[in-house]
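Residue numbers (the UniProt record's numbering), protein chains in the order written: chain A, 1 to 382; chain B, 1 to 236; chain C, 1 to 404. Note that beta-carbon positions come from the ideal geometry of N, C-alpha and C, so glycine has one too. Right, one structure below, let's go through it.
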Amino acid sequence: MKRLPVQRRTLALIAVIVPLLALLVYVALRSGPLAPVAVTVAQVESQSINPALFGIGTVGARYTYMIGPTAAGRVKRVDVHVGDRVSAGQLLAEMDPVDLDDRIRAQKAAIKQTQAAVGEATAKQSFAQIQARRYERLLAKHSTSEEAVAAKHEELQVANAALAAARGDLTRTHADLQALLAQRANLRLVAPVDGIVTQRDAAPGSTFVAGQAVVEMIDPQSLWVDARFDQIQAVGLAAGQPASIVLRSRSGKTFKGEVLRVDPLADAVTEETLAKIRFKHIPQPLPPIGELADVTVALPALPPRPTVPNASLQRIDGKLGVWRVAAGKLEFVPVKVLGSDLDGQVQVEGLKAGERVVVYSQRTLGAHSNISIVDRIPGVSP
Amino acid sequence: MAAQGIRIEGLKKRYGSGDTAVDALKGVDMEVAPGEVVGLVGPSGSGKSTLLKCLGAVIDPSAGRMTLGDAVIYDQGWKARDLRALRRDKIGFVFQAPYLIPFLDVTDNVALLPMLAGVPNAEARKRALELLTALDVQHRAKAMPSQLSGGEQQRVAIARGLVNRPPVILADEPTAPLDSKRAMAVIRILNDMAKKYETAIIVVTHDEKILPTFKRIYHIRDGVTHEEAGEGRGFD
Amino acid sequence: MISLAGRDILHTWGKFVFTGIGLGLLIGVTLVMAGVYRGMVDDAMVLLDNSGADLWVVQKDTQGPYAESSSLYDDTWRGIAAMPGVASATDITYLTMQVRATNHGEPRDVRAMVVGIAPDGPGSAGWPPYLVAGRQITRSHYEAVADIASGFKLGDTLQIRRNRYTVVGLTRRMVSSNGDPMVFIPLKDAQQAQFLKDNEAILQQRRRTAENPAFNRPGVPGLLDAVIASQSTNNYVNAVLVRIKPGYTADEVAAPIRRWKRLTVFTRAQMQNILVNKLIATASRQIGMFMVILAIVSAAIVAFIIYTLTMDKIREIAVLKLIGTRNRTIAAMIMQQALALGLIGFAVGKITATFAAPLFPKFVLLMPGDSIAGFFAVMVICALASVVAIRMALKVDPAEAIGG
């Protein structure tokens, strides 16, 4: 009884000191460099992966028609607006003919004049022919002289020549008219194919030089995505591979497509390979030309091989590898990447299926790191 | 124990110097035999406290001679090199208030002195317990001072004063806070202990109740002592 | 001999422990302060470590890319890659900006350092060296790996300038030297984010260009388009990270790049100097001042407490002296009490600091070395603080124990 106060005090003191010391030891061991590094591990599995390439591109049209005058001139009228659907042969715009119509009229008058000249020459030629025949008959009856007959033959030849000349003239004037009409038709800018007007650069009255487009149109059936793939990743890209396309304006929707071709020219500045991706079905409404699109090209599946998550890849002293866990010890194993997919699975050479590798770690690891294997790195919410 | 008790001859104490000098003790002569309890009385300012401090070796006397047991401890200067050891080993103190160390229990309060002198803890505690038993407070051996009654505290204080078997005990108003019955008890204990341990005990007091118990009383007045015979009546 | 200090502490242990806890909180704050400084240094160091680079090639005469802005053409790396001793040269961009998470409820902004990483695959310079969740970036666009300190989660959608990014991976301790969490995105996107102007600016720029007769000439169709296209290029990066081949020293590789490419090259040591000694010099002095003040306050508190505790038992000390206790014993008693107080304080401080450290918004790194140094500092401070009390105790006249 008498000893109790001291004991109680001692007990209370122990109750304070012991947890304090325990906490201190815990704190010293569980934080700072003495603490083990939390890591998660995964088993290397032999599996096949479906590699894919990811690129971005812009919607473009395979065929773009730039419709403009072949000679400098002023625009007389433009009949279409951007977005109009036009059919082949439809008049889109017309250049101002200036004096061309007058010249056609003059040419037509000239044809008539020439036709009259041809008529006159024909009349003269048939009279000359009759005279020549008559004198021939008279000569046969010896009622005229041979000299007179020769004179009439000469007259006929002159008349023939005059007729040929008049006919040639007529042909020329006709040809001239045709030329003028052709020029006139050339001022009418018509749609070469069915399509959609994408640009209308002119208002009536503006002048254009030869080759400048007044109206641009595309063939919507030829819409494609002009996609760019980083050269590093564009391994195995080839025509005919299936692709899925996501338009920036319709990010929830995936359109099917396929690689039409891989361009033989790459972009040297951006270090990208260019490829054209064709839509299986042209999206409706039509996406605007120039819209950004994501393209994922599925490559042929790779045969089953040891596969690890890409988060486990590390580079130590210039070597790419993974940390292999065996009996609680870490060992760095250099690996060679054979293929990867977009979900972060990497097929590697240098590991065997069933081995365990570090995927996530709390800190940079070293060969002598003290690790504790956890299901989830602390601080990461499920 | 040497049989000579304490002897003081011509002890003087002067505070300050020159014009402001005060002579607190002007020549004190005392002699207390072992086993004897003497009273020391005097009004305030009579030099009583100064005398006690000189005896207790906490202030230096100015002149005189003190002999403790068979050793001269002061003769125009302290003879002992270590006054602490002197106090610890040769002089026991019992105060007006018990002045027990509040953070030590009763046994350790008593045992502290031998421990300070280098006695092993167990031995020191054994000695302390012996004394506590002699003083009849052994049942409170493990209590803390704050749990004791005034009389018990004073008894523990006496035990502490005795534990090193000093040849002399200086008791400063040991009965002041106690009623007459308990005061008597304390004086009786002091007498018993003086006899039992052959100790000279000087009891400073102005307690009228206990004066009659002394056989010899020293009066001190203006720094001079006068010895007179007490009634020596006993304690009942 | 029994321990007087221990007995006294046992006697008044409640007071003692509570005082110790109070002191401990103060020591905890001091340790956290040291941790804040270490954290700042560590932020700078992990920035360098995580970049995985041996050399930083930046715009001539700048101290980029962390301390100053720097811009290089994004094909500069090709020339550098061909220099002797260069194992790899990788473009990188850094841009500190507000990144907005848009997918859950309230959009919220996080100040982050957006890092544009070249699509060379995991393990390349600039890539996060390890993850704590998710996966590394596999697409060359619109994917992000964010530091866990940003609070982003896997699957979050981040808005960086005009594009949206999906968080596919989380990492840890990938911070800028300011402690801002990093968000890794593919280089091309990052170049756009950094160098592409906003739409309004682009439109205004186009309009200005179109109104300039020199660029919009009627006889030269296509000139305007070409000029505009050339104006909106963003083929810049902030730095080229260089890894060197084994067998070369950093200086050996850096010197020819400086000389022949006319670029500024920093080695790891120089970069560390810039980040640690220049960027956080003022902050570290600031923290140093705080620590000095806290040390003084701690010392004052210990001194005051020990002084008070001693004052409380001045009578007992007088008695102890009177009954022959040596000064050494009394001084040791007081000193031991001060040290015990320091011990409790240090333990409490270390524990609180460790548990409080993760709650701080910026990284607080508690180094065991600092704790050990702190322990000795606390002990020295407590010992010094007890000197006043010891002096006072030694001055106590044993005569005081004898009344009047």
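- Task: Tell me where the alpha helix (DSSP H) around C:GLY79 begins and ends.
- Result: 76-81
Flag this pair as touching only if the region 133-143 of chain C and the region 185-192 of chain C have three or more C-beta atom pairs under 8 Å; answer yes or no. yes
Would you say C:ALA399 reaches chain B, if we count a Cβ-Cβ gap shorter than 7 Å as a contact? yes
Exercise. Residues bridged to C:ASP109 by DSSP?
Worked result: C:ARG100
Which one of B:LEU116, B:VAL94 and B:SER49 has the shortest CA to CA distance from B:VAL28?
B:SER49
**Request:** Would you verify that the beta carbon of C:ILE323 is, or is not, closer than 7 Å to some beta carbon of chain B?
**Result:** yes
Exercise for review: Tell me, please, whether the CB atom of A:ILE111 is closer than 7 Å to any CB atom in chain C?
Suggested key: no
**Prompt:** Going by Cα to Cα distance, which pick from A:GLU349, A:GLY354, A:LEU330 and A:ALA353 is closest to A:SER372?
**Reply:** A:LEU330
Since A:SER126 is in the alpha helix (DSSP H), which residue starts that stretch and which ends it?
100-140
Would B:TYR99 pass as an interface residue toward chain C - the criterion being a Cβ-Cβ separation below 7 Å?
yes
If distances are taken between C-alpha atoms only, which option among A:GLY240, A:PRO283 and A:VAL41 comes closest to A:SER249?
A:PRO283
How big is the Cα-Cα spacing for residue 394 of chain A and C:ASN199?
-> Nothing about residue 394 of chain A can be read from this structure; chain A reaches only from 1 to 382.
| task | Consider the Cβ of C:ARG328: report whether some Cβ of chain B lies at a distance smaller than 7 Å. | result | no
Along chain B, which residues have their Cβ under 9 Å away from the Cβ of C:VAL319?
PHE93, PHE95, TYR99, LEU100 and ILE101
Check whether chain C comes within 7 Å of B:LYS53, counting only Cβ atoms and requiring the distance to be less than that.
yes
Q) Which same chain residues, not among the five before or five after A:SER48, have their C-beta less than 8 Å away from its C-beta? A) ALA301, LEU302, PRO303, PRO304 and ARG305
Exercise for the section: Could you check what DSSP says for C:ILE257 in three-state terms: helix, strand or coil? Expected result: helix
Q. Is it the case that the Cβ atoms of A:VAL225 and A:ILE196 are separated by a distance below 7 Å?
A. no
Closer than 8 Å at the beta carbon, the chain C residues around B:LEU113
ILE323 and GLY324
_Interface positions of the region 167-191 of chain C facing chain B (Cβ-Cβ less than 7 Å), listed along the chain_ = none
**Item:** Closest by C-alpha distance to C:TYR73, when choosing among C:ASN235, C:SER176, C:ASN163 and C:MET311
**Value:** C:ASN235
On a CA-only basis, which of A:ALA182, A:GLN131 and A:ARG137 is nearest A:ALA159? Give me that one, please.
A:GLN131
query = So, helix, strand or coil for A:GLU146, using DSSP?
reply = helix
Go through the region 1-64 of chain B residue by residue and report every complete run of the beta strand (DSSP E) that reaches 3 residues or more, in order. 6-15, 22-32 and 37-41
Q. Is the Cβ of B:PHE59 closer than 7 Å to any Cβ of chain C?
A. The sequence as given places Ile at residue 59 of chain B; Phe does not occur at that position. Output row for B:ILE59: interface = yes.
- [ ] Identify every residue that forms a DSSP beta bridge with B:GLY92.
- [x] B:ILE169
Could you name the residues of the same chain whose beta carbon sits closer than 6 Å to that of B:GLU231, not counting the 5 residues immediately before and after it, in chain order? PRO212
If you measure from the beta carbon of A:SER372 to each beta carbon in chain C, is any gap under 7 Å? no
Check: Is it right to say C:GLU252 is buried, meaning 16 or more other beta carbons lie within 10 angstroms of its own, or is it exposed?
Finding: exposed
Does the CB of C:THR354 have a neighbour CB from chain A at under 7 Å?
yes
Let's test the definition: count the other Cβ atoms within 10 Å of the Cβ of C:ILE344 and tell me whether it reaches 16, buried, or not, exposed.
buried
* Asked: What is the rounded straight-line gap between the Cα of A:ILE377 and the Cα of C:PHE152?
  -> 15 Å
Select from B:GLU123, B:GLU208, B:LEU162 and B:GLY223 the residue whose C-alpha is nearest the C-alpha of B:LYS195.
B:LEU162
B:PRO114 (DSSP reduced to helix, strand or coil) = helix
Item to complete: Give the DSSP bridge partners of B:THR205, in chain order.
Response: Looking at the DSSP assignment, B:THR205 forms no beta bridge with any residue, so it has no partner.
query: In whole angstroms, what is the alpha-carbon distance linking B:ALA103 and C:THR310?
result: The question names Ala, but residue 103 of chain B is Phe in the sequence shown. Each residue's alpha carbon lies about 13 Å from the other.
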